[in-house]
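Participant: Protein chains in written order, with full-length UniProt numbering: chain B, 1 to 234; chain L, 1 to 234.
The structure follows.
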DNA sequence: GATGAATGTTGACGCCGTAAACTTGATAGT
DNA sequence: ACTATCAAGTTTACGGCGTCAACATTCATC
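In structure tokens, the structure reads:
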């Protein structure tokens, strides 16, 4: 269950993004055009970033007329939204892959697990810059981010579920392990998220996009370490 | 001297972005079309973000044919670049405005000054989201970001001069005031920058774009405080 | 005052997103 | 089995975009 989400609407909801169609195109009717278009759009985003998610190009890739897409999407925005969701999902997978490598409940293990989440985030941004950028493009739905919770609030269910359960859990473990004062826990996920997200943005989009891999590694360790230090300070 | 930069090329270099033309359009020849187009493009970015920086729209606003722009820019990309530079400049001004309000060399004053820079950054992002986004869009020139300097390196002259001298100086003051161990100084500007930049991005683009002003304020203080704690930890 | 370089204009091209009207083919009811 | 229906494709068309080539106007300068 790491599969599809079948965005909104009329979806038959089936494919696990990767190879999608139940059958290649067989004549006039395609069989799974919606997913085929999403896959093509994902490819485009991977190659050229959000601006490359061009409806006509996706249709061309699938071998179908441009307007065929309108039987499955309201328009380009909805197609793009599907790409965005896919990017978010891949990001989460990358974080989880990092976090899962660190076992144990000891203070150091938990700390190391927080670092690993951050490294996963950065790794995804660098390996799939186009998808990463797409995942954080402003687009119509997706609001409803915060819900009060003591002082600062936490990310709302919607986003949490898809993206940051693991970060939140791991920060909770940090408290449980005695590495973070409980009163400083609320809102900590935002500091961690902002820091890692900002680094990723600067590395991908920003003025840090020409670093050597060693520099990137060095900087990543430093930045993640700094915010973790701040969060775990007495 | 807070004025223009007159991007590349054939510029007559004059106007301090704001009201530009030496004279309104007087017939066939405009007089200062380059700057007028830049101003229009800046307006567009302010209203609709980077994607709204449309060459034809800028020309329309100035009251000139679309292709007239090609006498002053290589194409849309160069026009956009001018907008980007303007956005960066405005961001710096906003940071400086924040930093200048805090006087004194004492440890607390310096710390407070670092906070003020971060607040200025966030304030600009929220007040001018379109320009802020444009300022960090990937675009052709602008690379050359880092220069080795001991372990991590600092932002290269080019960027530094325009954007982060003040941050760098203030972090140096932090060391001088005994608030930061000197050995942890190199690279600290990246942690600070990444954190604040990430927060700004999440607030502007990302899933945190529907917060109340109080929530924003609260979160900002928290996030900036956390990274500062991390940087000044023994 | 003629003339050439700057500057602006028109027209055209191919790409984009999207709407309307038409075509194809699978399917359900008789 | 025949046919009506309707979802899923197609073609055509529109306006907006970036850009190019060719033409027009004005400014400066000899």
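Ideal placement from N, C-alpha and C gives every residue a C-beta, glycine not left out.
With contact counted as at least three CB pairs below 8 Å, one residue from each stretch, are the region 89-107 of chain L and the region 44-60 of chain L in contact?
Facilitator: Fewer than three Cβ pairs drawn from the region 89-107 of chain L and the region 44-60 of chain L lie within less than 8 Å of each other, which leaves the two stretches out of contact.
Participant: To the nearest angstrom, how far is it from the Cα of residue 142(B) to the Cα of residue 126(B)?
Facilitator: Residue placement at residue 142(B) cannot be trusted, given a pLDDT of 45 that sits under 50; what the coordinates show is reported in the next sentence. Distance between the alpha carbons of residue 142(B) and residue 126(B): 24 Å.
Participant: Identify which residue in 210(B), 205(B), 179(B) has its Cα closest to the Cα of residue 230(B).
Facilitator: Closest in alpha carbon position to residue 230(B), among 210(B), 205(B), 179(B), is 179(B).
Participant: Kindly list, in the order they appear in chain B, the residues whose Cβ is closer than 7 Å to that of residue 229(L).
Facilitator: Chain-order list of chain B residues neighbouring residue 229(L): 230, 233, by C-beta distance under 7 Å.
Participant: Below 8 Å, can you find three or more Cβ-Cβ pairs linking the region 209-216 of chain L to the region 204-211 of chain B?
Facilitator: Counting C-beta pairs with one atom in each stretch, the region 209-216 of chain L and the region 204-211 of chain B have fewer than three that are closer than 8 Å, which means they do not touch.
Participant: Looking at the structure shown, is residue 233(L) part of a helix, part of a strand, or coil, going by DSSP?
Facilitator: coil
Participant: Kindly confirm or deny that the region 109-123 of chain L and the region 73-88 of chain L touch, where touching means at least three C-beta pairs closer than 8 Å.
Facilitator: no
Participant: With a cut-off of 8 Å on the beta carbons, I'd call residue 189(B) and residue 167(B) a contact; round off their distance for me.
Facilitator: Confirmed, Cβ separation roughly 5 Å.
Participant: Output the boundary residues of the alpha helix (DSSP H) element that contains residue 96(B).
Facilitator: Run containing residue 96(B): 76-100, per the alpha helix (DSSP H) assignment.
Participant: Do you know offhand how far residue 54(B)'s Cα is from residue 17(B)'s?
Facilitator: If I take the Cα positions, the gap works out to 19 Å.
Participant: Would you mind reading off the limits of the alpha helix (DSSP H) that contains residue 184(L)?
Facilitator: Where residue 184(L) is concerned, there is no enclosing alpha helix (DSSP H), given that its DSSP letter is neither H nor E.
Participant: What would DSSP say about residue 218(L), mapped onto helix, strand or coil?
Facilitator: In this structure, residue 218(L) counts as helix in the three-state DSSP scheme.
Participant: Let me check understanding here. Comparing Cα to Cα, which of 88(B), 29(B), 177(B), 186(B) lies closest to residue 218(L)?
Facilitator: 186(B)
Participant: Sorted by chain position, which residues of the same chain lie with C-beta nearer than 7 Å to residue 109(L)'s C-beta, five sequence neighbours on each side aside?
Facilitator: Once the five neighbours on either side are set aside, the close Cβ partners of residue 109(L) are 102, 103.
Participant: Looking at the structure shown, is residue 206(B) part of a helix, part of a strand, or coil, going by DSSP?
Facilitator: coil
Participant: Do you know how far the Cα of residue 122(B) is from the Cα of residue 100(B)?
Facilitator: 16 Å
Participant: Determine, using beta carbons only, whether residue 134(B) and residue 234(B) come nearer to each other than 8 Å.
Facilitator: no
Participant: Express the C-alpha separation of residue 194(L) and residue 72(B) in angstroms, rounding to a whole number.
Facilitator: 39 Å
Participant: Is residue 136(L) close to chain B? Criterion is C-beta to C-beta, closer than 8 Å.
Facilitator: Yes, contact with chain B.
Participant: Under 8 Å between the Cβ atoms of residue 82(B) and residue 69(B)?
Facilitator: no
Participant: Would you kindly work out how many angstroms separate the C-alpha atoms of residue 225(L) and residue 111(L), rounded to a whole number?
Facilitator: 10 Å
Participant: Taking Cβ positions only, does residue 67(B) come closer than 8 Å to chain L?
Facilitator: no
Participant: At the level of alpha carbons, what is the spacing between residue 31(B) and residue 39(B)?
Facilitator: 14 Å
Participant: Along the region 167-199 of chain L, what residues have a CB closer than 8 Å to any CB found in chain B?
Facilitator: 187, 188, 190, 191, 193, 194, 195, 196, 197, 198, 199
Participant: Just the Cα atoms here: how many angstroms apart are residue 37(B) and residue 63(B)?
Facilitator: 10 Å
Participant: Say whether chain L places a C-beta atom closer than 8 Å to the C-beta of residue 118(B).
Facilitator: no
Participant: Helix, strand or coil: which one does DSSP assign to residue 47(B)?
Facilitator: helix
Participant: Any beta-carbon of chain L closer than 8 Å to the one on residue 39(B)?
Facilitator: no
Participant: So that I know if they touch, is there some Cβ in chain L lying closer than 8 Å to that of residue 205(B)?
Facilitator: yes
Participant: Under 9 Å between beta-carbons, which chain B residues line up against residue 165(L)? List them in chain order, please.
Facilitator: Per Cβ cutoff of 9 Å: no residues; residue 165(L) is ~14 Å from chain B at best.
Participant: Using a Cβ cut-off of 9 Å, pull out every chain L residue sitting near residue 201(B), in sequence order please.
Facilitator: Neighbours of residue 201(B) on chain L, chain order: 136, 194, 197, 198, 201.
Participant: For residue 226(B), return the contacting residues in chain L, with the cut-off set at a CB-CB distance below 7 Å.
Facilitator: Near residue 226(B) (Cβ distances below 7 Å), the residues of chain L are 191, 227, 230, 231.
Participant: Who are the near neighbours of residue 223(L) in its chain, counting only those whose CB is closer than 7 Å to its CB and skipping five residues on each side?
Facilitator: Contacts found: 195, 199.
Participant: Kindly indicate which three-state DSSP category residue 238(L) falls into: helix, strand or coil?
Facilitator: Lying outside 1 to 234, the shown extent of chain L, residue 238(L) is not represented and no answer is given.
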